[in-house]
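S.K.: Provided herewith is a single structure, encoded as structure tokens, for subsequent inquiry.
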Amino acid sequence: MFRKALIAATVLLAAPALADTPESLMRAYAEQARTTSASYAGPSPAAGRRLFHQQPRDWSCATCHTDQPAATGRHAITGKTIAPLSPVANPNRFCDAAKVEKWFKRNCNDTLGRLCTPAEKADLIAFLLGAKGGA
Amino acid sequence: MRTRTGIRRIDWIVWSLAAVFLAYAAVAAVPPTEAAKPTAYAEECGACHTAYPARLLRPADWAVVLATLDRHFGVDASLNDTTRAAVARQLGVDPAVASAATTKAVPRITQQGWFREEHDEISAQLLRSPAVRGAANCSACHAGADRDQFDDHSVRIPR
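Residue numbers (the numbering used here), protein chains in the order written: chain A, 371 to 505; chain B, 5 to 163.
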């Protein structure tokens, strides 16, 4: 009983230290990619950049997030402003795994007509981490 | 006499320490950022557009909106079941109804009779303009839309 309480308290106290970061999420996606392909070479900012600008249908990621992910974007339909997507410009980005998964699912679906793979998600984060202003 | 006040004083100190501790525990349990967090509705339904005030659609219509989020006016706005249930409760909708499959057309506020009446003097050209981008973009003309403020005084038509 006492030991359970002690473990619970330790987990609660440690929780803030375990918060997600862009780097930890990128590593987690890369780890996932590695389990499906032994020859996986790690996250590629260049591949992330290509995917970001790919436009198989009406939109690319850049349509709403602009072609400079450190800049403020605008929703293609509603016009609502969207805070910068790059974690370099916006510290609130990529710090909540569930939120990141939710938007990858929706936006890859809307933009590419399919889900993004773990390797692609790692590439995209690598690209966004390097986005200083230009892209 | 002296010992009695002595004991009382110790009692008093112990109780105030306990009270201070409890107050601290209560404050620590609810960090300020947690208390100021927006509701599930504002957070989830205000990401792409105005978080439309709940009173502007009937609960039955909100239920259809929530049950069709994966085909939401041309975008994927899907939520996990837990979050969708939380949003449903905030809109006064039974979470079970809000997750029941439906083939109904997704209702719009901008197609309700009262909406058309209130906005019948606005030209289609203005609605299409880049500054407005459609009737659904309430905040283009109603600066207080997020706070459910639509009165005549706060209307400002962009040009």
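For every residue, glycine included, the Cβ atom is placed at its ideal position computed from N, Cα and C.
(1) Could you tell me whether the Cβ of THR448 of chain A comes closer than 8 Å to any Cβ of chain B?
(2) Taking the Cβ atom as the reference point for each residue, do PRO102 of chain B and ALA58 of chain B lie within a distance shorter than 8 Å?
(3) Taking DSSP as the reference, what is the three-state secondary structure of HIS123 of chain B?
(4) With the cut-off set at 8 Å, would you say ALA403 of chain A and ALA489 of chain A are in Cβ contact?
(5) Going along chain A in order, which residues have a C-beta closer than 9 Å to the C-beta of ALA140 of chain B?
(6) Below 7 Å CB to CB, which residues in the same chain sit around ALA446 of chain A once its five sequence neighbours on both sides are set aside?
(7) Within the 8 Å Cβ cut-off, does ASP390 of chain A reach chain B?
(8) Count the other CB atoms, across all protein chains shown, that sit within 10 Å of the CB of THR448 of chain A; report buried if there are 16 or more and exposed otherwise.
(9) Does the contact criterion of 3 or more C-beta pairs under 8 Å hold for the segment 469-488 of chain A versus the segment 80-95 of chain B?
(10) Which residues of chain A have a Cβ atom closer than 7 Å to the Cβ of ARG132 of chain B, listed in chain order?
(11) Taking the alpha-carbon positions, what's the LEU61 of chain B to ARG463 of chain A distance?
(12) Could you pull the start and end residues of the alpha helix (DSSP H) that ILE495 of chain A belongs to?
(13) Please list the partners that ASN479 of chain A has in chain B, where partner means a Cβ-to-Cβ separation under 9 Å.
(14) To the nearest whole angstrom, what separates the beta carbons of PRO99 of chain B and ASP65 of chain B, a pair I think is in contact under 8 Å?
(15) Rounded to whole angstroms, what is the Cα-Cα separation between GLU48 of chain B and GLU393 of chain A?
(16) Given that a residue counts as buried once 16 or more other Cβ atoms are within 10 Å of its Cβ, and exposed if not, what is LYS491 of chain A?
(17) Looking at chain A, which residues of the segment 101-115 of chain B have a Cβ within less than 7 Å of any of its Cβ atoms?
(18) So is ASP124 of chain B buried or exposed if we call it buried at 16+ other beta carbons inside 10 Å?
(19) Find the residues of chain B that neighbour ARG476 of chain A, judging by a C-beta separation of less than 8 Å, and give them in chain order.
(20) For THR87 of chain B, which residues of its own chain have a beta-carbon under 7 Å away from its beta-carbon, when the five flanking residues on both sides are left out?
(21) Return yes when the Cβ of SER456 of chain A is within less than 8 Å of the Cβ of LEU395 of chain A, no when it is not.
M.R.: On the basis of the data shown:
(1) yes
(2) The identity of residue 102 of chain B in the sequence shown is Ala, whereas the question assumes Pro. No; because the gap between Cβ atoms is not below 8 Å, this pair is not in contact.
(3) coil
(4) yes
(5) ILE447, THR448
(6) TRP429, THR433, CYS434
(7) no
(8) buried
(9) yes
(10) Here the premise fails: no neighbours, minimum Cβ distance about 12 Å.
(11) 32 Å
(12) 488-499
(13) ASP74, VAL79, ASP80, SER82
(14) That belief does not hold up - the Cβ atoms of PRO99 of chain B and ASP65 of chain B are roughly 16 Å apart, past 8 Å.
(15) 25 Å
(16) buried
(17) none
(18) exposed
(19) VAL79, ASP80, ALA81, SER82
(20) ALA44, GLU48
(21) no
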